[in-house]
Amino acid sequence: MISNINVSHRTEPLDRSRPPEPGRASRAGFPPFAQLQLRNGVPLFIVENHGQAYVSLQLVLRSGSRSDGQLPGLATFTSELLLSGAGDRTMQQIADDVDYLGAVLDAGAGRDEITVRLGVLTRFLPQALAIMADAVLRPTFPSDELDRERRQSIAALKQNQSDPSYLAAVEFRRQLYRGTPYGTEIEGTEESLKKIRRQDCVQFHQQHFTAGNAFFVAAGDVNPEALLAMLNEHFGEWEGAAIEEAPFAEPEATATPRVVIVHRPGSVQSALRVGALGISRNHPDYVPLAIVNTLLGGYFNSRINHNLREVNGFTYGARSSVDAPLHIGTVSVTTSVRAEVTASALREIFKELREIATYPVTEEELTMVKNYVVGSQALQIETPGQVASFVKAIALYGLPANYFDSFPDQVRLLDVEILLQVAARWFQPDRMVVIVAGDATAIQEELKELGPVTVVDEQGILSVEMPT
Amino acid sequence: MTATTNELFTEVQLENGLRVILHEDHTTPMVTINLLYHVGSKNEQLGRTGFAHLFEHLMFEGSRNIPRGGYDTWCTSVGGDNNAFTSSDITSYYISLPSSHLALGLWLESDRMAEFTIEENSLRTQQSVIAEEKRQTVDETPYGSAQVVLHELAFSAPHPYSWETIGSMDDVAAATMQDVREFYQRFYVPANAVLVVAGDFRPEDAMPLIRGYFSTIPSGVHTQLPEADPTLRCYGNRRLLKEQTIAHHAAFVAWHVPSLRDADNPACDLLTGILGDGESCRLFRELEYDLEIANETGCYLDEGELGSLLVTYAVAQNNRISPERLTEALIAAVHKIAEHGVTERELEKARNRKITSITHALQSVSSRAERLAICAALLDNPALAFSEAELYGSVTADDVQRVARQYLCDAQPNVVEYRAAR
Numbered sequence: 010m011i012s013n014i015n016v017s018h019r020t021e022p023l024d025r026s027r028p029p030e031p032g033r034a035s036r037a038g039f040p041p042f043a044q045l046q047l048r049n050g051v052p053l054f055i056v057e058n059h060g061q062a063y064v065s066l067q068l069v070l071r072s073g074s075r076s077d078g079q080l081p082g083l084a085t086f087t088s089e090l091l092l093s094g095a096g097d098r099t100m101q102q103i104a105d106d107v108d109y110l111g112a113v114l115d116a117g118a119g120r121d122e123i124t125v126r127l128g129v130l131t132r133f134l135p136q137a138l139a140i141m142a143d144a145v146l147r148p149t150f151p152s153d154e155l156d157r158e159r160r161q162s163i164a165a166l167k168q169n170q171s172d173p174s175y176l177a178a179v180e181f182r183r184q185l186y187r188g189t190p191y192g193t194e195i196e197g198t199e200e201s202l203k204k205i206r207r208q209d210c211v212q213f214h215q216q217h218f219t220a221g222n223a224f225f226v227a228a229g230d231v232n233p234e235a236l237l238a239m240l241n242e243h244f245g246e247w248e249g250a251a252i253e254e255a256p257f258a259e260p261e262a263t264a265t266p267r268v269v270i271v272h273r274p275g276s277v278q279s280a281l282r283v284g285a286l287g288i289s290r291n292h293p294d295y296v297p298l299a300i301v302n303t304l305l306g307g308y309f310n311s312r313i314n315h316n317l318r319e320v321n322g323f324t325y326g327a328r329s330s331v332d333a334p335l336h337i338g339t340v341s342v343t344t345s346v347r348a349e350v351t352a353s354a355l356r357e358i359f360k361e362l363r364e365i366a367t368y369p370v371t372e373e374e375l376t377m378v379k380n381y382v383v384g385s386q387a388l389q390i391e392t393p394g395q396v397a398s399f400v401k402a403i404a405l406y407g408l409p410a411n412y413f414d415s416f417p418d419q420v421r422l423l424d425v426e427i428l429l430q431v432a433a434r435w436f437q438p439d440r441m442v443v444i445v446a447g448d449a450t451a452i453q454e455e456l457k458e459l460g461p462v463t464v465v466d467e468q469g470i471l472s473v474e475m476p477t
Numbered sequence: 417m418t419a420t421t422n423e424l425f426t427e428v429q430l431e432n433g434l435r436v437i438l439h440e441d442h443t444t445p446m447v448t449i450n451l452l453y454h455v456g457s458k459n460e461q462l463g464r465t466g467f468a469h470l471f472e473h474l475m476f477e478g479s480r481n482i483p484r485g486g487y488d489t490w491c492t493s494v495g496g497d498n499n500a501f502t503s504s505d506i507t508s509y510y511i512s513l514p515s516s517h518l519a520l521g522l523w524l525e526s527d528r529m530a531e532f533t534i535e536e537n538s539l540r541t542q543q544s545v546i547a548e549e550k551r552q553t554v555d556e557t558p559y560g561s562a563q564v565v566l567h568e569l570a571f572s573a574p575h576p577y578s579w580e581t582i583g584s585m586d587d588v589a590a591a592t593m594q595d596v597r598e599f600y601q602r603f604y605v606p607a608n609a610v611l612v613v614a615g616d617f618r619p620e621d622a623m624p625l626i627r628g629y630f631s632t633i634p635s636g637v638h639t640q641l642p643e644a645d646p647t648l649r650c651y652g653n654r655r656l657l658k659e660q661t662i663a664h665h666a667a668f669v670a671w672h673v674p675s676l677r678d679a680d681n682p683a684c685d686l687l688t689g690i691l692g693d694g695e696s697c698r699l700f701r702e703l704e705y706d707l708e709i710a711n712e713t714g715c716y717l718d719e720g721e722l723g724s725l726l727v728t729y730a731v732a733q734n735n736r737i738s739p740e741r742l743t744e745a746l747i748a749a750v751h752k753i754a755e756h757g758v759t760e761r762e763l764e765k766a767r768n769r770k771i772t773s774i775t776h777a778l779q780s781v782s783s784r785a786e787r788l789a790i791c792a793a794l795l796d797n798p799a800l801a802f803s804e805a806e807l808y809g810s811v812t813a814d815d816v817q818r819v820a821r822q823y824l825c826d827a828q829p830n831v832v833e834y835r836a837a838r
C-alpha cells in the first residue's frame with residue numbers, strides 16, 4: 010500500500026513566514042449508505058465499514074417525549090426500564106450477559122425519537138441482538154426495578170435543578186412552547202415521575218414500540234444480507250402500524266420582547282437565554298439559518314463570543330444556536346455572566362441581534378464561516394458511528410438521501426443577501442424572550458428597559474409580577 | 417535515515433531524530449496530526465513542579481510566524497479541531513483538519529517546535545488560567561484531590577511520581593521566562609518527539625511537506641528516563657480529608673503494580689476490569705448490590721513508565737456508612753480474588769470488554785494516531801497500536817490471581833478517605 014517513498018530524497022526547506030496554500034480537495038465525500046427492508050417493512054439503513062470488527066446498531070422509534078401526554082417523562086422512563094427485565098431475563102442477567110459480550114446496550118428518549126443503541130464486536134452480534142430483541146419486544150417492567158429507577162430519576166432531576174443553566178433552559182422552553190408537546194421536560198418532573206404507574210409504561214410500550222413506527226441504522230463491520238437475515242429472525246414478525254399523530258398544536262402567542270427571571274437567591278452568576286420560536290429541521294431556511302447562526306454565535310470566532318468574551322470579558326463563553334426538531338424549533342443566544350454585568354451583557358446581545366438582522370455580513374466573514382462549516386463536516390464523519398447519526402437524521406426528518414453529499418454545495422451557493430433575509434426573519438430582536446436564572450433582587454430594576462419583567466421561582470411558579 | 421513499511425503504517429526517522437509515522441486511511445476526507453513530546457511531570461524537579469503542563473498551555477501562545485491567538489484562528493477558519501494533554505510521562509498535541517489543509521497543520525506544528533516566542537504577559541495569563549483550572553478540577557470537583565493525594569502518599573520525594581501533573585501552585589506561580597525557555601530548549605526538540613500523520617493523504621505528498629517544515633529544526637537531545645529509586649515507593653500510608661463541598665463519605669485505595677512496560681501489565685489491567693468495569697463486576701455486585709453500602713464504585717489503572725497504581729474507590733450510599741467501612745470492603749474484595757481467584761467467565765468478560773473498547777477506539781483515525789504515537793514513544797513499538805488486543809489473549813485466571821496475590825495481597829495499600837463535613 011505504501012511502498013514508493015524515496016527516503017534519501019532531499020527536499021528544500023519550506024518558507025515558514027507565511028501559511029501554505031491548501032492542497033487539492035479530497036475525493037472522499039460523505040460515505041455511501043444502503044437502504045434495505047425487513048419482511049414486515051421496517052427500514053434498515055446500513056453504513057458499511059470493515060476497518061474494525063465492530064458493529065453499532067440503533068433502533069429508532071418515531072415517538073418521544075412529545076408523546077408523553079399527561080405524564081411528562083413517560084417516554085424516557087419507559088425506555089430506561091427496557092433493560093430492567095425482558096422475556097425470561099432479570100435485570101441482573103441482562104447486565105451479566107451484556108457485560109460478558111463486552112457490549113454496550115442502552116435506551117433513551119428525545120423529543121421526537123426513542124433510540125435503543127447497541128455497540129458490539131462483530132462476533133458477538135447474534136447473542137447481543139437476542140438480548141436487544143427481548144428488551145424491545147418483551148420488556149417485563151418489574152415493580153421493584155420500577156421503584157429503583159424512579160428513585161434514581163428523581164435524584165438526578167434534583168441534581169440538575171442546582172444548575173442555573175438548566176433552570177434557564179427549562180423556563181425558556183416553558184415560555185415559548187406553552188400548550189404544545191415540546192413545552193415539558195424530556196426527563197419529566199418530580200411530580201410526574203411520582204405519578205407514573207407500571208400500567209402507564211406497559212401501555213406506552215404497546216402503543217409506541219410498533220413495527221410501523223420503527224427503523225434501524227447499522228454501521229461498521231456488517232454484511233448487509235447477513236444482518237438483514239438476523240433482524241428478520243428477531244424482528245420479522247413484529248407488527249403494529251405507524252402512529253397516527255395528533256396535529257402539533259401551535260404555541261400560544263405571547264407578547265415580546267419580555268423578561269422572565271428565575272429567582273435564585275444569592276446567585277453570583279446569571280444564566281441567560283435570549284430567543285424565539287424558529288423552524289423545523291426540513292424547513293427551506295435551515296441551511297442559510299444554520300450559517301447565519303454560526304457567524305453570529307456558533308463558533309469560537311463568532312460575533313457574540315468575540316463581543317462578550319474577548320472584548321468585554323463578561324463570560325468564559327457565549328454562543329447562539331438553532332434547534333430544529335421535527336416540528337417548530339427555536340433560535341437562541343446562551344451564556345452565563347457574573348451578576349453585576351447581567352444588563353450590560355443583554356444590551357450587547359441585543360446589539361448583535363439588531364446588527365445581524367439589519368445589515369449584510371461582510372464577504373470576509375462569509376468566506377470564513379463557509380470554510381469552517383464545510384470543513385468541520387469532514388471531521389464529524391470520522392467514524393462509522395458518526396456517519397450513522399447523520400443517516401439517522403435523514404430518516405427521522407425525511408431529508409433527501411443525498412442531503413449531506415450536497416451540503417457543501419448548498420453552503421457554497423449562499424450569498425450575503427440570502428443570509429440577511431433569513432436573519433431578518435428569525436433573529437428579529439422584537440421577537441425575543443429573555444430568560445435570566447439569577448438573583449432577581451440584584452438585577453430586576455435594570456432589566457425593565459428590555460420589556461416587562463416577570464419573576465418566577467425555580468419550579469416556574471409566578472412569585473412577583475413587576476409593574477411595567 | 418531508516419524507513420519501515422508495513423501494510424498499516426510507514427515509519428521514517430528524519431536526520432534530526434524526529435520519528436515520523438504515516439498511516440493512510442481514505443474513508444473520510446480528514447487528516448489528523450498527532451505530535452507527542454516525550455516529557456511529562458516526571459521530568460520536573462522538586463520545587464519546579466507543574467512545568468510540563470504549564471508549557472502545554474504556553475504552546476498555544478504564539479511562535480515566530482504565528483502570533484498569539486493565531487493557532488486557533490487558523491485552525492477554526494478551515495473547520496479544524498485541536499487540543500492537548502499532559503501526563504506524568506508525556507505531552508500530546510493533536511490537530512484534525514479537512515484533508516486539503518494538511519500543509520496548514522504541519523506549518524502550525526512545526527513553527528511552534530522551531531521557535532516559540534511567547535512574552536511575559538502570556539506566561540502571567542496562563543499561570544492564572546492554570547490556578548483556575550486547578551480550582552475547578554482539583555479543589556471544587558468532588559474527590560478531585562484524590563489523585564494528587566494518592567501520589568503524595570504512594571511515593572516519597574524525590575521520586576518523579578511524588579507530585580501530580582498539575583503541580584504545586586506556588587511552583588507554577590514562581591515560573592520565570594528563563595525557566596520556560598530552558599524547559600523548551602531541553603525537551604521540545606525533534607530528538608524527543610514523535611510526529612504521526614493519519615487519514616486521507618498520500619505519503620508522497622506529505623513527506624516533502626514534513627521534511628520541508630521539520631528537517632531544519634536542530635535535533636536537540638533525546639531525554640533519558642529520570643531516576644526512580646524503588647525504595648521511594650511507600651506502603652500503608654493513610655490520610656483522612658474532611659471536606660465541606662462533598663455530599664458523601666468516600667474511600668480511595670491504591671496499590672503499587674508494575675510499570676506499563678512490564679509483562680504483568682495486561683493481567684493487572686484485566687484484574688482492574690474484573691473488579692470495576694460494567695454493571696456486573698465485583699465491586700458493583702459486592703458493595704452496591706449485596707452490601708448496599710456504596711452508590712458508586714470503580715477501579716482504574718494509573719499507568720506509568722516508572723510504575724503504576726491500581727486504584728479502587730467507593731462513594732458511601734449514605735453517611736451512616738463510614739469511610740473506614742468502605743476501605744475495609746474495597747480491601748476485602750481484592751483479598752477475595754487473591755485467595756479464591758476468578759472464574760473463567762469473569763476473565764472472559766473482562767477480556768471481551770477490554771477488546772471491545774480497544775476495537776471501538778480504533779474506528780477513529782485520531783485515536784489511532786494517538787495510540788501510534790504513544791506506542792512508539794513509550795514502548796518503542798508503534799505496531800502495537802493495532803495489535804493491542806492480542807496482549808490480553810494469553811492472560812489466564814491463574815495469572816490474575818497471581819498478580820492479585822503478589823502485588824495487592826502481600827503489600828499494604830495507600831488510602832485516602834473523605835469525610836463529608838456537615
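Residue numbers (the numbering used here), protein chains in the order written: chain A, 10 to 477; chain B, 417 to 838.
Even for Gly, the Cβ is constructed at its ideal location relative to N, Cα and C.
Under 8 Å by Cβ, that's how I've got residue i and residue j pegged, so tell me the actual separation to the nearest angstrom.
i: B:V612; j: B:I437; result: 5 Å
i: A:A84; j: A:A116; result: Wrong, their Cβ atoms sit about 10 Å apart, outside the cutoff.
i: B:R435; j: B:E427; result: 7 Å
i: B:P682; j: B:Y834; result: Contact doesn't hold; Cβ gap of about 32 Å is too wide.
i: A:T339; j: A:L286; result: 6 Å
i: A:A37; j: B:H439; result: That pair is no contact at about 15 Å.
Using the rule of at least 16 other Cβ atoms within 10 Å of the residue's Cβ for burial, across every protein chain shown, is residue i buried or exposed?
i: A:L304; result: buried
i: A:R273; result: buried
i: A:D418; result: exposed
i: B:M593; result: exposed
i: B:P606; result: buried
i: B:E553; result: Here the sequence assigns Thr to residue 553 of chain B, which means Glu is not the residue at that position. Exposed is the call here.
i: A:N232; result: exposed
i: A:E234; result: exposed
i: B:Y559; result: buried
i: A:Y368; result: exposed
i: B:K550; result: buried
i: B:Y487; result: buried
i: B:R784; result: buried
So with CB distances below 8 Å, who are the chain B contacts of residue i?
i: A:Y2; result: This structure cannot speak to residue 2 of chain A, because chain A is shown only from 10 to 477.
i: A:R33; result: S516
i: A:A402; result: Near A:A402 there are no residues of chain B at all, since even the closest Cβ is about 17 Å away, more than 8 Å.
i: A:M377; result: S493
Give the interface partners of residue i over in chain A, defined as CB-CB distance under 7 Å, in chain order.
i: B:Q543; result: Per Cβ cutoff of 7 Å: no residues; B:Q543 is ~18 Å from chain A at best.
i: B:E704; result: Neighbours of B:E704 on chain A: none; closest Cβ ~12 Å, over 7 Å.
Mind listing the chain B neighbours of residue i? Cutoff is C-beta to C-beta under 7 Å, in chain order.
i: A:N380; result: S493, V494 and G495
For residue i, return the contacting residues in chain B, with the cut-off set at a CB-CB distance below 9 Å.
i: A:Y63; result: T772, T775, H776, L778 and Q779
Using a C-beta to C-beta distance shorter than 9 Å, which residues of chain A count as neighbours of residue i?
i: B:P483; result: Under the 9 Å cutoff, chain A gives no residues; its nearest Cβ is about 12 Å from B:P483.
### Message
Threshold first: 4 residues or longer. Then list the alpha helix (DSSP H) segments lying entirely within the region 286 to 352 of chain A, N to C.
### Response
295 to 302
### Query
Which runs of the beta strand (DSSP E) fall wholly inside the region 561 to 595 of chain B and span at least 3 residues, in chain order?
none
### Query
Does the region 140 to 154 of chain A touch the region 87 to 96 of chain A, meaning 3 or more C-beta pairs lie closer than 8 Å?
yes
### Query
Is there contact here, the region 595 to 602 of chain B with the region 459 to 476 of chain B, by at least three beta-carbon pairs under 8 Å?
yes
### Query
Of all the beta strand (DSSP E) runs that stay within the bounds of the region 461 to 525 of chain B, which reach a length of 3 or more residues?
497 to 502 and 507 to 514
### Query
What residues from the region 774 to 806 of chain B come within 8 Å of chain D, judged by C-beta to C-beta, listed N to C?
Given the protein chain composition of this structure (A and B), no chain D is represented.
### Query
Does the region 812 to 826 of chain B come within contact of the region 536 to 544 of chain B, defined as at least 3 CB pairs closer than 8 Å?
no
### Task
Count the C-beta pairs between the region 635 to 654 of chain B and the region 26 to 38 of chain A that are closer than 8 Å, then say yes if the count reaches three, no if not.
no
### Query
Would you say the region 421 to 430 of chain A touches the region 215 to 231 of chain A, given that touching needs at least three Cβ pairs under 8 Å?
no
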